[in-house]
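Each step along the sequence shown adds one to the number in this note's numbering, with nothing skipped, and position 40 is 48.
Right, one structure below, let's go through it.
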Amino acid sequence: MQGYDFYIIFVAVISFITGLLLVTSPKTLIKAGELFNRVYNVESVVYTRRVPFGFAYIIFGSILLYILW
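Okay, structure coming up:
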């Protein structure tokens, strides 16, 4: 499992950052999605319920980082 630690931490950090952006500034996340040409796509359901999804991303990303750290 040692080889996958970097990828899991990378996903946890992206999850944490996505959660912060959903809670604080969703327009920035939309512009980032347009900039990366839909590589980093978030569904419209997530945007309509952005605060619960944002906090969920923050919590689960933090838990994942805590477990792996």
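The beta-carbon is built from N, C-alpha and C at its ideal position, and this holds for glycine as well.
Under 7 angstroms: does the beta carbon of residue i sit that close to some heavy atom of the ligand NAP?
i, result
"leucine 28", "Annotation note on the ligand NAP: not contained in the displayed structure, which lists no ligands."
What's the gap between the Cα of residue i and the Cα of residue j?
i, j, result
"isoleucine 71", "lysine 35", "26 angstroms"
"arginine 58", "valine 31", "6 angstroms"
"lysine 39", "glycine 27", "15 angstroms"
"tryptophan 77", "valine 54", "28 angstroms"
"tyrosine 48", "isoleucine 22", "Per-residue confidence for tyrosine 48 stands at a pLDDT of 47, beneath the threshold of 50, marking its modelled position as unreliable; the derived number appears in the next sentence. Distance between the alpha carbons of tyrosine 48 and isoleucine 22: 10 angstroms."
"glutamate 79", "threonine 56", "As shown, the chain starts at 9 and ends at 77. That puts residue 79 outside it, with no answer to give."
"leucine 37", "glycine 62", "12 angstroms"
"proline 60", "isoleucine 16", "23 angstroms"
"serine 33", "aspartate 13", "29 angstroms"
"isoleucine 67", "leucine 29", "14 angstroms"
Identify which residue in the options has its Cα closest to the Cα of residue i.
i, options, result
"glycine 69", "Ile16, Phe14 and Ala20", "Ala20"
Taking the Cβ atom as the reference point for each residue, do residue i and residue j lie within a distance shorter than 8 angstroms?
i, j, result
"phenylalanine 24", "tyrosine 74", "no"
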